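Novice:
Numbering (the working numbering), first residue to last: 19 to 414.
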């Protein structure tokens with residue numbers, strides 16, 4: 019049963035002076051989430067995620083191809099009889115398409131890393147499973163010059179069975195070159211990895227420090243051979259989490275959240291910038307009642323778009339769950355303007371953000387409305403120079 023056959027397209031598309039914007043919610047009477055995206059040389063896109071539209075499986079990983087205007091060209095599913103998802107996807111010219119995610123359809127372990135390759139039409143070439151005795155998941159990945167990949171996330175395959183930072187490098191055949199399970203007490207996970215040059219990467223995430231009884235945001239500098247040059251920890255209140263980062267002109271800008279356990283789980287938006295040695299340049303904390311977290315930071319023209327997760331904001335008509343809002347900031351992390359907001363009936367989440375070849379940005383994730391069957395794949399393309407867009411209570 020093809021996923022794409024059951025889509026109802028809810029969209030607008032605008033084309034002005036070769037700048038393309040579109041908004042699409044792909045409705046199906048099942049649970050479907052977009053997790054990652056990549057742009058192809060012809061300005062089309064491949065999107066990966068998870069879907070329960072492929073019966074009789076629980077959830078299948080999928081690849082969805084859309085053209086430059088957001089029109090669906092094809093979709094194909096991958097995985098086994100249980101839960102599978104794609105998290106990040108890469109296009110390699112004259113080679114194929116690589117997808118990295120998670121599965122519990124294969125082997126005897128709980129959840130493992132799922133790696134597979136397809137041709138440019140989505141036909142499966144090979145697949146591989148990598149994992150230990152516990153639970154593994156990835157949140158981000160980068161491609162290296164030799165078409166190997168470094169994945170970052172979390173693993174419980176360790177002596178204390180807590181979530182630990184997990185870093186994995188695989189070759190172009192999906193085989194493990196090396197991995198690191200950084201053992202520590204408490205919850206630790208790597209959320210984002212970015213390349214600084216051909217041999218150096220930076221990683222951010224969260225780390226619980228047992229001696230301090232609190233969670234720190236961390237920034238690590240690592241060689242692609244797996245050697246960690248240094249890791250620096252940053253604190254604010256009782257918990258500080260780094261979700262994403264951007265490296266531009268030797269400045270590392272980080273997006274996340276901070277919270278105080280005595281403030282009834284209330285979180286505050288956190289932004290910071292650091293030099294290439296990890297020394298802090300500035301910190302911007304915004305105390306907003308309805309804010310949850312700064313999730314992504316991406317280049318946009320000469321500034322940055324920062325995606326916030328929001329909850330219960332008064333201006334949103336439907337405030338029963340998470341909503342998304344993008345803000346434009348300058349290089350000093352000074353607020354400039356609101357760029358878009360998104361609010362359906364229940365939870366609305368952006369899972370990946372990529373810059374596009376025309377200077378715009380593509381967002382993928384899911385929107386939730388029980389009248390549309392639950393979670394629906396969401397795709398938004400914001401053109402360069404686009405004005406503010408509002409998708410509050412869009413009930414198409």
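Idealized CB from N, CA, C, for every residue including glycine. Only a predicted model underlies this, so the values are computations on that prediction, with no experimental measurement involved.
What residues are listed by DSSP as bridge partners for residue 401?
Specialist: Reading the chain shown from its first residue, position 383 is the one you call residue 401. The partner list for residue 401 (beta bridge, DSSP) is empty, contrary to what the question assumes.
Novice: Under a three-way DSSP split, which group does residue 113 fall into?
Specialist: Taking the first residue of the chain shown as position 1, residue 113 is located at position 95. Coil at residue 113, not helix or strand.
Novice: Classify residue 120 as buried or exposed, calling it buried when 16 or more other Cβ atoms lie within 10 Å of its own Cβ.
Specialist: On the chain shown, position 102 is the one that residue 120 refers to. Residue 120 should be labelled buried.
Novice: Between 257, 291 and 232, which lies nearest to residue 285 when the distance is taken from Cα to Cα?
Specialist: For the purposes of this step, residue 285 is taken as residue 267 along the chain shown, with counting starting at 1. Cα-wise, what sits closest to residue 285 is 257.
Novice: Within 10 Å of its beta-carbon, does residue 78 have 16 or more other beta-carbons around it, so buried, or fewer, so exposed?
Specialist: Locating residue 78 in the chain shown gives position 60, where the first residue counts as 1. The residue is buried, with at least 16 neighbouring Cβ atoms inside 10 Å.
Novice: Should residue 116 and residue 108 be called a contact, given that it needs their Cβ atoms to be closer than 9 angstroms?
Specialist: One-based indexing of the chain shown puts residue 116 at position 98. One-based indexing of the chain shown puts residue 108 at position 90. Contact flag set, yes.
Novice: Ends of the beta strand (DSSP E) at residue 163?
Specialist: As a working note, residue 163 is residue 145 in the chain shown. Here residue 163 belongs to no beta strand (DSSP E), and DSSP marks it neither H nor E.
Novice: Just confirm the distance between the C-beta atoms of residue 177 and residue 151, as a whole number of angstroms; I'd bet it's less than 8 angstroms.
Specialist: Within the chain shown, the letter at position 159 stands for residue 177. Within the chain shown, the letter at position 133 stands for residue 151. That pair is no contact at about 11 angstroms.
Novice: Closest to residue 62 by C-alpha separation, out of 402, 101 and 397, would be which residue?
Specialist: Numbered from its first residue, the chain shown carries residue 62 at position 44. Comparing Cα positions, the closest option is 397.
Novice: By the 10 Å Cβ neighbour count, where 16 or more other Cβ atoms means buried, how is residue 163 classified, buried or exposed?
Specialist: By 1-based counting over the chain shown, the position of residue 163 is 145. Residue 163 should be labelled exposed.
Novice: Distance check for residue 376 and residue 35, CA to CA, integer angstroms please.
Specialist: Taking the first residue of the chain shown as 1, we reach residue 35 at position 17. Taking the first residue of the chain shown as 1, we reach residue 376 at position 358. Interpretation of residue 35 is limited by its pLDDT of 45, a score under 50 that renders its predicted location unreliable; the figure taken from the coordinates is listed afterwards. If you take the alpha carbons of residue 35 and residue 376, they lie about 11 angstroms apart.
Novice: Need the endpoints of the beta strand (DSSP E) that residue 57 sits in, please.
Specialist: Here the question's residue 57 lines up with position 39 in the chain shown. Counting along the chain, the beta strand (DSSP E) containing residue 57 begins and ends at 50–57.
Novice: In angstroms, rounded to a whole number, what distance separates the CA positions of residue 400 and residue 206?
Specialist: To locate residue 400, count along the chain shown from 1; it is residue 382. To locate residue 206, count along the chain shown from 1; it is residue 188. If I take the Cα positions, the gap works out to 33 angstroms.
Novice: First and last residue of the beta strand (DSSP E) that includes residue 430?
Specialist: Missing from the structure shown is residue 430; the chain here goes from 19 to 414 and no further.
Novice: Nearest to residue 316 by CA position, among 262, 352 and 353, is which residue?
Specialist: Locating residue 316 in the chain shown gives position 298, where the first residue counts as 1. If we check each option's Cα against that of residue 316, 262 comes out closest.
Novice: Taking just the CA atoms, how far does residue 88 sit from residue 114?
Specialist: The residue given as residue 114 occupies position 96 in the chain shown. The residue given as residue 88 occupies position 70 in the chain shown. Whole-angstrom Cα-Cα distance: 22 angstroms.
Novice: Can you give me the C-alpha to C-alpha distance between residue 218 and residue 242, rounded to a whole angstrom?
Specialist: The residue labelled residue 218 in the question sits at position 200 within the chain shown. The residue labelled residue 242 in the question sits at position 224 within the chain shown. Their backbone Cα atoms lie some 6 angstroms apart in a straight line.
Novice: Suppose contacts are defined by Cβ-Cβ distances below 9 angstroms. Is residue 271 in contact with residue 169 by that definition?
Specialist: Working through the chain shown from its first residue, we reach residue 271 at position 253. Working through the chain shown from its first residue, we reach residue 169 at position 151. Taking 9 angstroms as the Cβ cut-off, residue 271 and residue 169 do not qualify as a contacting pair.
Novice: With residue 84 and residue 65 assumed to form a contact (beta carbons below 8 angstroms), what rounded beta-carbon distance in angstroms separates them?
Specialist: Numbered from its first residue, the chain shown carries residue 84 at position 66. Numbered from its first residue, the chain shown carries residue 65 at position 47. Confirmed, Cβ separation roughly 7 angstroms.
Novice: Below 6 angstroms CB to CB, which residues in the same chain sit around residue 144 once its five sequence neighbours on both sides are set aside?
Specialist: On the chain shown, residue 144 is found 126 positions in, with the first residue counted as 1. Same-chain partners within the cutoff: 135.
Novice: For residue 393, count the other beta carbons within 10 Å of its own beta carbon; 16 or more makes it buried, fewer makes it exposed. Which is it?
Specialist: Position 375 of the chain shown holds residue 393. So residue 393 ends up on the buried side.
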